[in-house]
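J.:
In our numbering, the protein residues as written are 29 to 317.
1. What is the DSSP secondary structure of residue 108, counted as helix, strand or coil?
2. Taking all protein chains shown into account, decide if residue 111 is buried (16 or more other Cβ within 10 angstroms of its Cβ) or exposed.
3. Cα-Cα, which of 255, 78, 202, 87 is closest to residue 223?
4. If you check the beta carbons only, do residue 303 and residue 150 fall under 8 Å apart?
5. In the DSSP assignment, find the unbroken alpha helix (DSSP H) run with residue 125 in it and report its ends.
6. Output yes or no for whether 8 Å exceeds the beta carbon distance between residue 41 and residue 76.
7. Taking the beta strand (DSSP E) that residue 227 belongs to, which residues open and close that run?
8. Is it buried or exposed for residue 95, if we count other Cβ within 10 angstroms and need 16 for buried?
9. Classify residue 62 as buried or exposed, calling it buried when 16 or more other Cβ atoms lie within 10 Å of its own Cβ.
10. Sort out for me which residues DSSP pairs residue 216 with in a bridge.
11. Would you check if the distance between the CB atom of residue 107 and the CB atom of residue 193 is smaller than 8 Å?
12. Given a threshold of 16 other Cβ atoms within 10 Å of its Cβ, counted over all protein chains shown, does residue 52 qualify as buried or as exposed?
13. Rank 153, 58, 39, 67 by C-alpha distance to the C-alpha of residue 240 and give the top, closest one.
14. Taking only three categories from DSSP, how would you classify residue 258?
15. Tell me, to the nearest whole angstrom, how far the beta carbon of residue 138 is from that of residue 103; I am working on the premise that it is less than 8 Å.
16. When you compare only the Cα positions, how much space is there between residue 45 and residue 271?
17. For residue 109, count the other beta carbons within 10 Å of its own beta carbon; 16 or more makes it buried, fewer makes it exposed. Which is it?
18. Among 56, 294, 309, 262, which residue has its Cα nearest to the Cα of residue 318?
19. Do you know offhand how far residue 266's Cα is from residue 204's?
20. Measure the C-alpha to C-alpha separation of residue 268 and residue 285 and round it to an integer number of angstroms.
21. Could you name the residues that DSSP lists as bridge partners for residue 147?
22. For residue 264, which of 64, 85, 292 has the nearest alpha-carbon?
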């Protein structure tokens, strides 16, 4: 990267790569290895899959969970996009899961690349309460009133503790006042067996969030796939499917679906079928359904 930090990138591909290159951006507190099985299934579709560990995550360098400024993750990803676009063969497709959608959207707005498609799976747009579940583990979130639409999820989903995130008000205060820029502001439960909890500083946390989310979708000019799960404890899929279609330009082809019974992680496997159909459409030049 521009400051000398090295990012770890894993490539998973089969003999058939006619569907081009898929860059997979991992979620908050996670890393590329979490998606190895998912990437292998994508490779079976005929794609070359690149798993990027963002700085301070997984096997990449940098201070764990810390970002020098709120656009640093995005700036890193822009450099990755440019590298992949320069040396790839075939279409370039960008896919993000969970909080990776924030990094992807920031990066896409700052880059000059034109991907063949963008896929967002269970995007957690956590700084925008319109798109967050009202009830997580019995804790009520503040009302979201900035849009005149019904923002209640189709049904409430209780947190089962699998993916707990705990905020530290003092750590966040220390970070934004620069009393201690490395103070832990949020701690995520381990994303894989045997791993320690993952902590973000205030800077790292702000780099993982978006505000006034719809503005960021204006930079997308290619076909989009949006997949959510009805049992996702983080994502208010009812609001996302109501509001986001209005955020894209009229000429953007949007394919969206909400999977009954799917949670924040199982939605990845459920998304394979619609993703295959969508990928076939954009890589064959036939558009999307």
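Positions of the beta carbon are idealized from the N, C-alpha and C atoms, including for glycine.
T.: With the structure as the only source:
1. Counting from 1 along the chain shown, the entry for residue 108 is found at position 80. Correct three-state label for residue 108: helix.
2. Position 83 of the chain shown holds residue 111. With fewer than 16 Cβ atoms within 10 Å of its Cβ, residue 111 is classed as exposed.
3. Start at 1 with the first residue of the chain shown, and residue 223 comes out as number 195. Selected option, being the one with the closest Cα: 87.
4. The count along the chain shown starts at 1 and reaches residue 303 at position 275. The count along the chain shown starts at 1 and reaches residue 150 at position 122. No. Outside cutoff.
5. Here the question's residue 125 lines up with position 97 in the chain shown. Careful: residue 125 lies outside any alpha helix (DSSP H), inside the beta strand (DSSP E) at 120-125.
6. For this step, residue 41 is matched to residue 13 along the chain shown. For this step, residue 76 is matched to residue 48 along the chain shown. It is a contact, given that the beta carbons lie within the stated cut-off.
7. Taking the chain shown and counting its residues from 1, the one referred to as residue 227 is at position 199. From DSSP, the beta strand (DSSP E) with residue 227 extends over 226-229.
8. The sequence position of residue 95 within the chain shown is 67, counting from 1. With 16 or more other Cβ atoms within 10 Å, it is buried.
9. Numbered from its first residue, the chain shown carries residue 62 at position 34. Residue 62 comes out buried.
10. Working through the chain shown from its first residue, we reach residue 216 at position 188. 193, 226.
11. Along the chain shown, read from residue 1 onward, the residue named residue 107 stands at position 79. Along the chain shown, read from residue 1 onward, the residue named residue 193 stands at position 165. Not a contact, by the Cβ cut-off of 8 Å.
12. Counted from its first residue, the chain shown places residue 52 at position 24. By the neighbour-count rule (16 or more Cβ atoms within 10 Å), residue 52 is buried.
13. Working through the chain shown from its first residue, we reach residue 240 at position 212. Residue 153 is the option with its Cα nearest to residue 240.
14. Within the chain shown, the letter at position 230 stands for residue 258. Correct three-state label for residue 258: coil.
15. Here residue 138 refers to the residue found at position 110 of the chain shown. Here residue 103 refers to the residue found at position 75 of the chain shown. So it is a contact: roughly 7 Å between Cβ atoms.
16. Numbered from 1 along the chain shown, position 17 holds the residue referred to as residue 45. Numbered from 1 along the chain shown, position 243 holds the residue referred to as residue 271. Residue 45 and residue 271 have their C-alpha atoms roughly 35 Å apart.
17. Stepping through the chain shown from its first residue, residue 109 is reached at position 81. Its Cβ being crowded by 16 or more others within 10 Å, residue 109 is buried.
18. Since the first and last residues shown for the chain are 29 and 317, residue 318 lies out of range.
19. Along the chain shown, read from residue 1 onward, the residue named residue 266 stands at position 238. Along the chain shown, read from residue 1 onward, the residue named residue 204 stands at position 176. Going by the C-alpha atoms only, they are around 33 Å apart.
20. The sequence position of residue 268 within the chain shown is 240, counting from 1. The sequence position of residue 285 within the chain shown is 257, counting from 1. When the Cα atoms are used, residue 268 and residue 285 turn out to be separated by approximately 10 Å.
21. Here the question's residue 147 lines up with position 119 in the chain shown. 123, 253.
22. Against the chain shown, residue 264 aligns to sequence position 236. Out of 64, 85, 292, 292 has the C-alpha closest to the C-alpha of residue 264.
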